[in-house]
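Novice:
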Amino acid sequence: MDGVDGGNDLVIEVATRLEQLDQVRDLVMDSVRRDQGYGYRPEWHWDLDRIVEIYVDNPRNRMLLARSKEVSVGCCGIRVGTPAGPREVVSMLPPRAHVAQIVRLVVTPGWRRRGLGRRLVEESLRHVSADPGFTTAYLHTNALVPGVLQFWQKCGARVLTSFPDPVDAMNEKLRTVHMTLPLREGDVHL
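Note that full-length UniProt numbering numbers the sequence shown so that position 111 is 111, with each residue one more than the last.
Structure follows, in C-alpha cells:
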C-alpha cells in the first residue's frame, strides 16, 4: 500500500522517506506531551531515535503516515517482537519472531472520532496478516488516556493483563494495559 485515498484528501502511506519519518516523530512526541503529560524518555522512545533502522530497514516492520492536504494527521507502526517487560506479559506471548507489536498509534485532535485511528489499525493489521510468521498482534496502552480502552476494544482488542507500572515520578500518569488483536478470521485471542 503506497497510498490509499480515503476521501477528504486523506492519504495513508508507508513512511520511508526522512521527511515522512520526521513527521512521525513529531506526531508521536506532540502526543506524548499533550495526551500523556510527559516528554521524551529514551528507554521508551528508542525506536524514534533509530527510526530508519527500525521502520524502514526491517521489511517486517512498518510505519504508516496519514496526511490530509499535506498535513500529517496520524501514524501507526508495526514492530516485530515482544515487549521488554514485564516478564509476566512476555511469558504469555509466543516467541518474539511471531509477535507483531502495534505501536505509536497517534491521531491529531482534529481528526479523532472520525475513523482515522481505526483505519490506521486496519491497514497495519493487513500488513501483519499477510506475513505468515506472525501469529499474534500485541499492543500496550495507557488506560489513563480518556477513551483509549474503548477505542481498542472497538477495534477487537482484548485485555491480556494489566500490571501496576513501576513506581517512579511517572506512575501517576501511567496505567499500562496489555492487549492482543485477532490477525485473521477465526483467530483465538490469547
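Ideal Cβ placement from N, Cα and C applies to all residues, glycine included.
Does the pairing of the segment 119 to 129 with the segment 95 to 107 give three or more beta-carbon distances under 8 Å?
Specialist: With the cut-off at 8 Å, the segment 119 to 129 and the segment 95 to 107 touch.
Novice: Kindly identify the DSSP beta-bridge partner or partners of V121.
Specialist: Beta-bridge pairing links V121 to no other residue.
Novice: In the DSSP assignment, the beta strand (DSSP E) including Y138 goes from what residue to what residue?
Specialist: Residues T136 to N142.
Novice: According to DSSP, is R113 part of a helix, a strand, or is it coil?
Specialist: The answer is coil: DSSP assigns R113 none of H, G, I, E or B.
Novice: If I measure Cβ to Cβ from D35 and keep anything under 6 Å in the same chain, skipping five residues before and after, which residues do I get?
Specialist: Hits under 6 Å: V145.
Novice: Is it right to say residue 191 is buried, meaning 16 or more other beta carbons lie within 10 angstroms of its own, or is it exposed?
Specialist: Absent from the structure is residue 191, since the part of the chain shown begins at 1 and ends at 190.
Novice: In or out: D47 buried (at least 16 other Cβ within 10 Å) or exposed?
Specialist: Classification of D47: buried, given that the 10 Å Cβ count is 16 or more.
Novice: DSSP three-state call for R126: helix, strand or coil?
Specialist: Here R126 sits in helix by DSSP.
Novice: Quick one: Cα of Q101 to Cα of S162, how far?
Specialist: Their backbone Cα atoms lie some 17 Å apart in a straight line.
Novice: Where in the segment 47 to 103 do unbroken runs of the beta strand (DSSP E), each at least 3 residues long, occur, reported from the N-terminal end onward?
Specialist: Listed in chain order, they are 62 to 68 and 71 to 80.
Novice: Taking the Cβ atom as the reference point for each residue, do M179 and A143 lie within a distance shorter than 7 Å?
Specialist: Not in contact: M179 and A143 (Cβ atoms no closer than 7 Å).
Novice: Look up L174 in the DSSP assignment and give the residues it is bridged to.
Specialist: None; L174 has no bridge partner.
Novice: Around the C-beta of N61, are 16 or more other C-beta atoms found within 10 angstroms, so that it is buried, or is it exposed?
Specialist: The residue is buried, with at least 16 neighbouring Cβ atoms inside 10 Å.
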